[in-house]
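For the protein sequence lines, the chains are A and B, in the order given. Note that the numbering used here has the first sequence beginning at 232, numbered continuously upward. Note that the numbering used here has the second sequence beginning at 4, numbered continuously upward. Built from N, CA and C at the ideal position, the CB exists for glycine as well. Note that this is a predicted model, so its numbers are computed, not measured.
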Amino acid sequence: MLAIKDLSFRYSSRGPAVLNGIDLELPDGQIGIVLGKNGSGKTTLFKNILGICRPDSGCISFDGEDLLRMHRRERARIVAYVPQSIHFGALSVFDTVLMGRVSFFGYKAGREDEEAVRQILHDMQLEEFAARNVEQLSGGERQKIAIARALAQEPRLLVFDEPTGNLDIANEQLILSEARRLAREKNICILTSLHDMNQALELGDRFFFMRDGKIRCSGGPEVFSEELIKDIFDAEVRVTEIEGTKYVLNGGRQE
Amino acid sequence: MITEYSISVMLNKHFSDDIERIKRRNALVITALFIGVIVLAFVCLFVGSSRMSLADCFAALAKRGTASQVRIIWNIRIPRVLAAIIAGAGLSVSGLIMQTNLNNPMASPSTLGVSNAAVFGANLSIIVFAGGFLSTGNNLTSYTVGMNPFATSLIAFIFSAFSNLLVLGLCRVRAFHPGVVVLAGIAIGSVWTAATTILQFYATDVGLSAAVVWTFGDLGRATYRTDLIMAVVVAVGLVFFAFMSWKFNALLSGDSTAKSMGVAVDRLRFVSMLCASLITAVCVSFLGIIGFVGIICPHVSKKLLGQDHRVSLPASALSGSILLLLADTVSRSMGGGSALPVGAITSLLGAPFFLAIIFSRKGEHD
């Protein structure tokens with residue numbers, strides 16, 4: 232389980248707090264979705280979890296292990312990252328995914344690393360791409376390769392930063408179903424951010440609403456309300472429930 | 004009956020074959036480049052202003068020719084060929100590492116202002132201290148006279164190493180972001196250029212000419228001792244870079260992703276840029292400015308073989324050696340008795356090839 236307690240962070244000592252007393256818990260095999268306006272601190276929260284930024288105070292642990300005190304290579308075997316904008320060098324898909332094993336092998340990939348990559352490519356049905364140059368693939372395929380590379384780290388927590396930001400609807404569905412499969416089948420804890428609230432409701436188990444570096448509200452789908460969304464996004468929406476499933480519709484209620 | 008398992012085995016075999024084919028192609032290209040270096044080294048060894056025949060060259064190589072022929076081959080041409088191989092490899096690999104670290108295809112070994120600082124150091128040595136520092140090293144007349152050929156190189160190196168540390172030190176205090184490093188390099192480099200201009204303004208005509216001549220890249224300055232020093236520095240750098248290949252590959256995905264994979268990005272960037280700049284500083288201090296090798300060769304190797312540093316590092320090193328050997332051979336063939344500046348020839352030879360490669364990237368910018 233991912234547990235964050237009283238996490239605070241600022242980019243410079245005199246700057247404003249970008250994260251302010253964040254508390255968050257996400258059990259194994261669950262998908263947690265962070266929702267908030269642009270600049271609310273979502274990506275900064277992810278960077279703190281990944282060890283890219285170092286928090287000023289607070290604690291981040293996974294299954295009781297303190298991620299902040301861990302060596303970066305040990306941490307890379309627990310937490311993996313799929314960034315919002317994906318860049319690769321001109322490498323083959325196989326080598327790109329093998330790169331995810333760098334925290335295991337350090338300087339030279341061994342046979343077991345290559346075997347692990349073959350298994351991941353097989354599981355994700357990416358074998359036909361293995362020898363292709365990763366730069367020649369489409370956006371959705373590249374996103375899948377980025378997930379495959381993250382999986383090569385054998386993580387227990389996967390951090391996705393806006394996974395559907397640059398994708399068409401078919402690739403969106405592909406990536407979301409892949410995320411769901413990983414959480415259910417591999418019991419991986421997934422923390423992600425999404426802007427589409429219906430997509431979030433469809434995918435997520437737990438939701439964390441952020442504003443101004445604080446988590447204002449968290450819980451299951453039941454926490455979605457018109458008041459909460461207005462408070463977080465300053466937007467008028469209608470929240471309705473059809474056959475037990477909540478939907479968020481644009482536009483406020485007509486008086 | 005075809006089962007799901009047998010399909011997966013077949014697919015697995017199919018992609019394993021594809022991957023093996025890529026590995027074989029890479030090995031083939033690197034072997035071809037290596038053979039190219041050896042062949043060109045001999046061509047370079049046998050071409051020169053003394054118009055020795057091939058038989059004379061072989062005889063001299065076996066130390067059986069006349070004293071003058073043996074001296075031309077062993078004291079002039081071999082150190083020169085070795086310098087071309089070592090400096091070509093060093094400058095090219097330094098360029099590759101700079102481009103990867105700074106995420107900038109236009110980065111070169113001189114991005115941190117290393118060359119500008121070396122030029123200032125050499126100008127200071129020649130213009131201010133003058134006299135005994137004017138030797139350009141290894142030619143038949145100056146080879147035997149008692150001047151110190153290392154003084155100018157030493158001062159050039161001290162300044163370039165100082166400039167290097169200054170830029171990297173400043174960036175370490177502020178932020179080790181690629182953009183900051185490039186801007187700091189440009190700023191510090193322009194300070195050295197300004198100081199050189201002021202120095203040259205007060206120089207005598209003789210001092211000024213000597214200082215300008217120093218900046219022309221000249222492989223003729225190489226001696227066995229300078230080759231050995233360059234070889235040690237370049238070899239240490241190459242081994243270090245080769246060990247870090249996977250980490251450089253990770254850097255291609257961006258700092259955040261590389262850090263999330265457990266790579267100590269800032270430390271890797273600091274150490275590898277320091278190493279690349281020191282290689283450049285040593286080569287420039289001994290041989291003068293040899294431009295373009297550090298830009299063109301990494302680009303050609305990346306274009307041919309992709310960006311995997313396990314392959315692009317040796318390919319860049321070998322193509323750098325080839326370009327410098329070729330440029331040196333051309334410069335000595337065209338100079339009418341004295342070699343043309345090799346730095347000018349690398350650009351003249353390299354630029355059209357480089358342009359052809361850039362404009363052949365079909366669809367990339369569509």
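With contacts defined by Cβ atoms closer than 8 Å, A379 (chain A) and V328 (chain A) form a contacting pair. Excluding sequence positions up to five before and after T471 (chain A), its CB lies within less than 6 Å of the CB of Y478, all in the same chain and listed in chain order. Interface annotation, D287 (chain A): not in contact with chain B, CB-CB separation never under 8 Å. C-alpha of G252 (chain A) to C-alpha of N418 (chain A): approximately 28 Å in a straight line.
DSSP places D297 (chain A) within a strand segment (E or B) once states are collapsed to three. In the same chain as A410 (chain A), and ignoring 5 residues on each side of it, the C-beta atoms closer than 6 Å to its own belong to I421, in chain order. According to the DSSP secondary-structure assignment, L422 (chain A) is paired through a beta bridge with A:G263, A:V390. Looking at B:S280, B:V285, B:K250, B:T283, the one whose alpha-carbon comes closest to that of D269 (chain B) is B:K250.
The beta carbon of I25 (chain B) sits closer than 8 Å to some beta carbon of chain A. Between the segment 60-72 of chain B and the segment 259-268 of chain B there are fewer than three inter-stretch CB-CB distances shorter than 8 Å, so the stretches are not counted as touching.
M264 (chain B) is positioned such that its CB atom lies no closer than 8 Å to that of I89 (chain B).
Neighbours of K305 (chain B) in chain A, taken as residues whose beta carbon is under 8 Å from its own, are A321 in chain order. Scanning chain B for C-beta atoms nearer than 7 Å to the C-beta of G331 (chain A) yields M264, reported in chain order. Around A381 (chain A), the same chain offers A311, Y312, V313, G331, L389 as residues with beta carbons nearer than 7 Å, after the five sequence neighbours per side are excluded.
In the DSSP assignment, A198 (chain B) falls within the alpha helix (DSSP H) that extends over 181-204.
Proximity to V365 (chain A) across A:L322, A:R306, A:E296, A:G444 peaks at A:L322, based on C-alpha coordinates. The residue among A:V249, A:A383, A:I283, A:S288 with its C-alpha nearest the C-alpha of I235 (chain A) is A:S288.
Residues are counted here when their Cβ sits less than 9 Å from a Cβ of chain B; for the segment 240-265 of chain A the count is zero. Remark: fewer than three beta-carbon pairs, one from each stretch, lie closer than 8 Å, so the segment 281-290 of chain B and the segment 298-316 of chain B are not flagged as touching. For the segment 465-478 of chain A, the set of positions with a beta-carbon nearer than 7 Å to some beta-carbon of chain B is empty. Secondary structure of E472 (chain A) (DSSP, three-state): strand.
Boundaries of the beta strand (DSSP E) harbouring C448 (chain A): 445-450, taken from the DSSP string.
Collapsing the DSSP output to three states places D237 (chain A) in a strand.
Contact between the segment 125-133 of chain B and the segment 207-226 of chain B is present, with at least three C-beta pairs closer than 8 Å. Cβ neighbours of Y242 (chain A) within its own chain (closer than 7 Å, five residues either side excluded): V249. Listed by position along chain A, the residues whose Cβ is nearer than 8 Å to that of F357 (chain B) form an empty set, because the closest Cβ is around 18 Å away.
L281 (chain B) is outside the set of residues whose beta carbon lies under 8 Å from a beta carbon in chain A. When only Cα atoms are considered, L255 (chain B) and M247 (chain B) end up about 13 Å apart.
Here K278 (chain A) is buried: its Cβ has 16 or more other Cβ atoms, across all protein chains shown, within 10 Å. At the C-beta level, I298 (chain B) and S118 (chain B) stay beyond 8 Å of one another. In the DSSP assignment, G252 (chain A) falls outside any alpha helix (DSSP H) and within the unbroken beta strand (DSSP E) covering 250-257. Counting only the Cα atoms, P108 (chain B) lies some 9 Å from P301 (chain B).
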